[in-house]
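Going letter by letter, the sequence shown gives residues -19 to -1, 1 to 419 in mature numbering (1 follows the signal peptide of the UniProt record, and there is no 0).
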Amino acid sequence: MKWCMWMLPFVTVVPLVSATVVNSNDLLVAKTITLADGSIVDWVYRSSQGTVADRPPFPPTGSGTGGPRGGANGGTKQPRAAKTSDYETFSPNQMGPINTVPILRTGEIGDLRSKALPDMAILSKRTLLGMDPNHWYAGTRQSVWNLGAKATFSCFRPELSTRRRMSLLQMAVARTSVPGVPGRKVQTLEAGWMRNPRSVRHPHMFTYYTVNSYVSPGDYRGGYNAKVKGWVQVDREYYPGMRLPVSRVGGVQRSVRLRFRRHRDNWWLAVNDRWIGYYPGRIFWRRGVPSDRTLASKSNYIAMYGEATQEKLRPWPLTRTHMGSGKFPEEGWGRAAYIRQMTYTDLNRVDRTYTGPSRSVTEPMRYDCMTNELLGDSFWGSYMFVGGPGRRMRRRPFFGNYYRTTRPGVIEEPPENIDTDETPDIVEMGDSPPPVTP
């Protein structure tokens, strides 16, 4: 991001008096800063995380990482390439000493006991009639052996019915039917963006993992970001919990690129084409279970989806929390949220198109995904639109003035002369629309 001079007086830098201070994860803290939004970041010595692996020697980019070729009418203008200055998260006076990395102090996350992968949640008894007491899903999944996955997610600031709700778009790389794992016998790696005011005030990038089917979060068992032990931070600018630029409905569309990739027994995460950290494969080991039957060695399941929460099971009122932009998928480009450039890495380390043949939607009258574009052009790649308004029941698309919609497969042109959004402290590349389906 680019920092405006008027914001700098509101950024407090609080150096610690001694490098012997440790944070909640027993990491050695060299410096602590408070960002303008109130978030607290500790600069910890990289070596206090233990022996840190080297970044993968290959770049995170691959097939389908370029932006779309142009506008909906086949224009030739390319979206501006992302520059490091567009994504800077710290000003020079906020940076920590050499050999330190940023770790965000996160607040309360919420109840994770009923968290699950989309299809597993929908098949559970708690989701009869679409009323999961905690989680609503809309997305796709694919069972395929892989060494990771990649996708670009449009970022929004979804409306939440209360502060205790959260809404997100994410991908999951998982291993199912793991021996010795309780419950649903699944291990996962997850990343995306979420809005969860109890954790971070603004929409932010997050990571998550579980080694035990979400049964008992905790150190080396599972949890968000660096709130529990497991995540190893490497990058000095991008970190789990970092604030993201957001799109405007009918305005500039902004996104974040994420990729998981297994390399030398570690699961690395890339954000906007740079490796930022990893989960050691050994945290997925189970006593008496060969490592090749766990997520430590490879994955057999990928999911791309949106999720919204409702913490108490009530027949009415249902949650009004938005998923994505709060618009249904058929409203298309510029209004509905999307996930694009979806690929996975096969066991030969070749990127393949994610086709998402299985659809997981808890209640399509409130949240849905449009999957007829899962084999898109070579620039947008495999993509889909996803989201919804929650409580407000779905209306059939029509072409009046109440709100603009599109027929499935027909994408609106983006509005002209759109100003930037209302977050002047963040500047990011604007996305271009997908091609029109013939």
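Quick reminder that beta carbons are idealized off the backbone N, C-alpha and C, glycines included.
With distances taken between CB atoms, is the gap from residue i to residue j smaller than 8 Å?
i           : j      : result
Phe134      : Ser236 : yes
Thr157      : Tyr190 : no
Leu225      : His185 : yes
Trp249      : Pro37  : yes
Tyr205      : Gln214 : no
His303      : Pro370 : yes
Arg316      : Tyr364 : no
residue 428 : Leu128 : As shown, the chain starts at -19 and ends at 419. That puts residue 428 outside it, with no answer to give.
Val162      : Asn193 : yes
Asp254      : Pro41  : yes
residue 423 : Thr87  : Since the displayed the chain opens at -19 and closes at 419, residue 423 lies outside it and no answer follows.
Arg159      : Val167 : Looking at the sequence itself, residue 159 is Val, so the reference to Arg does not match. Yes, these two residues count as a Cβ contact at 8 Å.
Gly307      : Gly368 : yes
Ser142      : Met175 : no
Thr334      : Gly313 : no
Ala277      : Asn6   : no
Leu239      : Val252 : yes
Ala318      : Gly337 : no
Can you tell me whether residue i is buried or exposed, with buried defined as 16 or more other CB within 10 angstroms of its CB?
i           : result
Ser28       : exposed
Trp256      : buried
Thr70       : buried
Asn74       : exposed
Phe366      : buried
residue 434 : Since the displayed the chain opens at -19 and closes at 419, residue 434 lies outside it and no answer follows.
Asn177      : buried
Thr275      : buried
Phe39       : exposed
Gly45       : Reliability of the predicted coordinates at Gly45 is poor, the pLDDT of 34 falling under 50, and no value is obtained from them.
Thr13       : buried
Arg245      : exposed
Cys(-16)    : Here Cys(-16) scores only 42 on pLDDT, less than 50, and its place in the model should not be relied on; the value that follows carries that caveat. That one is exposed.
Gly99       : Looking at the sequence provided, one finds Pro at residue 99 rather than Gly. So Pro99 counts as buried.
Asn115      : buried
Arg144      : exposed
Trp126      : exposed
Asn80       : exposed
Thr326      : buried
Thr352      : buried
Thr32       : exposed
Tyr260      : buried
Since residue i contacts residue j with CB under 8 Å, what's their CB separation in whole angstroms?
i      : j      : result
Gly350 : Pro310 : Looking at the sequence shown, residue 350 is not Gly but Cys. Yes, they are in contact, since the Cβ atoms of Cys350 and Pro310 sit about 6 Å apart, within 8 Å.
Arg146 : Thr290 : 5 Å
Met223 : Met285 : Going by Cβ atoms, the distance from Met223 to Met285 rounds to 21 Å, so no, they are not a contact pair.
Arg263 : Arg372 : Going by Cβ atoms, the distance from Arg263 to Arg372 rounds to 44 Å, so no, they are not a contact pair.
Gly211 : Tyr201 : 6 Å
Asp35  : His183 : Asp35 to His183, Cβ: 32 Å. No contact.
Tyr282 : Ser72  : Not quite, the Cβ-Cβ distance comes to about 41 Å (not below 8 Å), so this is no contact.
Leu16  : Gln30  : The Cβ separation is near 22 Å, so there is no contact.
Val82  : Val22  : Rounded, the Cβ-Cβ distance is 10 Å, inconsistent with contact.
Any contact of the region 114 to 125 with the region 343 to 351, i.e. 3+ C-beta pairs under 8 Å? The region 114 to 125 vs the region 343 to 351: in contact.
Query raised in the report: What are the complete beta strand (DSSP E) segments, minimum 3 residues, inside the region 243 to 267?
Result: Fully enclosed beta strand (DSSP E) runs of 3 or longer: 247 to 252 and 256 to 261.
Is there contact between the region 323 to 342 and the region 164 to 181, where contact requires at least three CB pairs shorter than 8 Å?
-> Taking a cut-off of 8 Å for Cβ pairs, the region 323 to 342 and the region 164 to 181 do not touch, as fewer than three such pairs fall below it.
Can you find at least 3 beta carbon pairs, one from the region 227 to 242 and one from the region 128 to 144, that sit closer than 8 Å? Counting Cβ pairs under 8 Å, three or more are found: they touch.
- Query: For the region 316 to 344, which segments carrying the beta strand (DSSP E) assignment without a break, of at least 3 residues, lie completely within its bounds, in sequence order?
  - Reply: Counting only runs of at least 3 residues, the region 316 to 344 fully encloses the following beta strand (DSSP E) elements, listed from N- to C-terminal order: 318 to 326, 332 to 334 and 339 to 342.
- Of all the alpha helix (DSSP H) runs that stay within the bounds of the region 206 to 246, which reach a length of 4 or more residues? Taking only runs of at least 4 residues, no alpha helix (DSSP H) segment lies wholly in the region 206 to 246.
My parser needs the beta strand (DSSP E) runs of 3 or more residues fully inside the region 5 to 42; what are they?
Those beta strand (DSSP E) runs which fall completely within the region 5 to 42 and span 3+ residues are 10 to 15 and 21 to 26.
Within the region 110 to 174, note down every full beta strand (DSSP E) run reaching 3 residues or more, in order along the chain.
-> Qualifying beta strand (DSSP E) stretches, in chain order: 116 to 123, 129 to 135 and 148 to 156.
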